[in-house]
């Protein structure tokens with residue numbers, strides 16, 4: 700079976716875009732594809748924001764989740780909280796969140812003035828001897 704041609708408008712400027720896909724897309728899927736391939740100013744900004752969010756999700760996985768070294772992985776629940784934080788920062792609900800995890804590990808997620816989402820892992824090793 701050949702590819703199916705879908706047409707949908709860009710979410711921002713309304714420009715109709717043809718999308719070549721292997722299956723029939725739903726209207727929201729087609730609009731998302733059209734917006735991701737449109738070159739209007741708002742669509743390009745949307746594409747950048749979406750890429751930032753996806754990169755931040757990858758960074759959470761690399762520092763705390765399935766892509767991290769086995770000894771550095773956190774539980775799935777904590778990784779889900781961190782991913783929810785990325786989502787909230789992306790939508791503008793939060794500016795910065797820091798979680799203090801067990802074992803002297805801190806997870807910090809914030810957005811800088813350029814709009815980039817920073818994911819940071821800080822490990823504190825402390826030794827103390829008393830008489």
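Numbering (our numbering), first residue to last: 700 to 830.
Beta carbons: idealized from backbone N, C-alpha and C, even for Gly.
Check each candidate in the options and name the one with the smallest Cα separation from residue i.
| i | options | result |
| --- | --- | --- |
| residue 779 | 766, 830, 760, 813 | 760 |
| residue 707 | 730, 724, 723 | 730 |
| residue 724 | 705, 742, 735 | 705 |
| residue 811 | 793, 728, 769, 734 | 793 |
| residue 821 | 804, 830, 828, 829 | 804 |
| residue 718 | 733, 726, 763 | 733 |
Check for me: the alpha helix (DSSP H) holding residue i runs from which residue to which?
| i | result |
| --- | --- |
| residue 835 | The structure shown has nothing for residue 835, since the chain only spans 700 to 830. |
For residue i, which residues in the same chain have their Cβ closer than 7 Å to its Cβ, ignoring the five residues on either side in sequence?
| i | result |
| --- | --- |
| residue 714 | 708, 737, 739 |
Cutting at 8 Å between CB atoms, please list the residues of its own chain near residue i, excluding the five before and the five after it.
| i | result |
| --- | --- |
| residue 751 | 789, 814, 815, 816 |
| residue 785 | 752, 755, 756, 759, 808, 816, 818 |
Determine the extent of the beta strand (DSSP E) in which residue i is found, giving its start and end residues.
| i | result |
| --- | --- |
| residue 819 | 816 to 822 |
Count the other C-beta atoms from every protein chain shown that fall within 10 angstroms of the C-beta of residue i, then say buried if there are 16 or more, exposed otherwise.
| i | result |
| --- | --- |
| residue 743 | exposed |
Item to check | Entirely enclosed alpha helix (DSSP H) segments - the segment 727 to 798, minimum 4 residues | outcome: 740 to 762, 775 to 790
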